[in-house]
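Residue numbers (the working numbering): 28 to 284.
Quick reminder that beta carbons are idealized off the backbone N, C-alpha and C, glycines included.
Heads up: the structure comes next, in structure tokens.
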């Protein structure tokens, strides 16, 4: 490993000492207004290792969640679900526990790399496989389903992730299909939970219909009607950094599929 003096020399354009190797380091994502933010430098290998650990051992979707891997200002965003803050994300995923309904659920994640235009952003692909062997309870009127024992083979999806200065997951994007014609797949053009459910014969409302249902159920929650699981967090409860980072888009707004 290089010491601090060698790192400074390299940043100034000097070559590393003989016998040493150049290590690519990147600042993890941080957003702040009128304040100084301490940034921890992680190597590309460390960032990818942490992303893989999160997906394979603690995301709350493929396996039970490991809260210590999430930053307190975590945000989840999929094509039609989100943005969700940490609390709402964990409540929502716990409500259906996909990893119990599909005990052999596997992300088959591959292709981890850093975005060349957003160096702190890790991008990769997922190809979900699994067998529907356990009961599945979907909240807010979407039904309960006994095991179908059907096998799911979802097409490739694009995921991305950002880490905070401590290496915890700050942003998770999932479920963007990248190949509608992948052979031997069972999910048509859907990704994430929609794709997995579609693979075993469970169809949810899509397109504008889902957007209407989404607004209705979230509106009822304001009056204490329905479950505590949300598909969109209240905008005022979304971390400020995300509001500065992305244009406002809630739920299925702007999506047609």
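Check your understanding: Any idea if residue 129 is buried or exposed, counting beta-carbon neighbours within 10 angstroms, 16 or more meaning buried?
Key -> buried
Review point. Opposite residue 183 in the DSSP bridges: which residues?
Key: None; residue 183 has no bridge partner.
Exercise for review: Have a look at residue 157 and residue 228 and give me their C-alpha separation to the nearest angstrom.
Suggested key: 14 Å
Check your understanding: Is it true that the CB of residue 101 sits closer than 8 Å to the CB of residue 196?
Key -> yes
Point to revise | Contact between the stretch 96-116 and the stretch 205-213 (3+ Cβ pairs under 8 Å) | key: no
Review point. Could you give the distance in angstroms between the alpha-carbon of residue 169 and the alpha-carbon of residue 70?
Key: 43 Å
Review point. Does the beta-carbon distance from residue 171 to residue 164 come in below 8 Å?
Key: yes
Practice item. Please state if the CB of residue 110 and the CB of residue 260 are separated by a distance shorter than 8 Å. Key: yes
Review point. What is the DSSP secondary structure of residue 222, reduced to helix, strand or coil?
Key: helix
Review point. So, using beta-carbon positions, are residue 125 and residue 149 closer together than 8 Å?
Key: no
Point to revise | The beta strand (DSSP E) enclosing residue 77, as first and last residue numbers | key: Careful: residue 77 lies outside any beta strand (DSSP E), inside the alpha helix (DSSP H) at 71-84.
Check your understanding: Relative to the alpha-carbon of residue 342, which residue among 138, 116 and 75 has its alpha-carbon at the smallest distance?
Key -> Outside the displayed range of the chain (28 to 284) lies residue 342, so it cannot be described from this structure.
Check your understanding: Quick one: Cα of residue 119 to Cα of residue 166, how far?
Key -> 9 Å
Point to revise | Host beta strand (DSSP E) of residue 139 (start-end) | key: 137-141
Review point. According to the neighbour-count rule (16 or more other Cβ atoms, all chains shown, within 10 Å of its Cβ), is residue 138 buried or exposed?
Key: exposed
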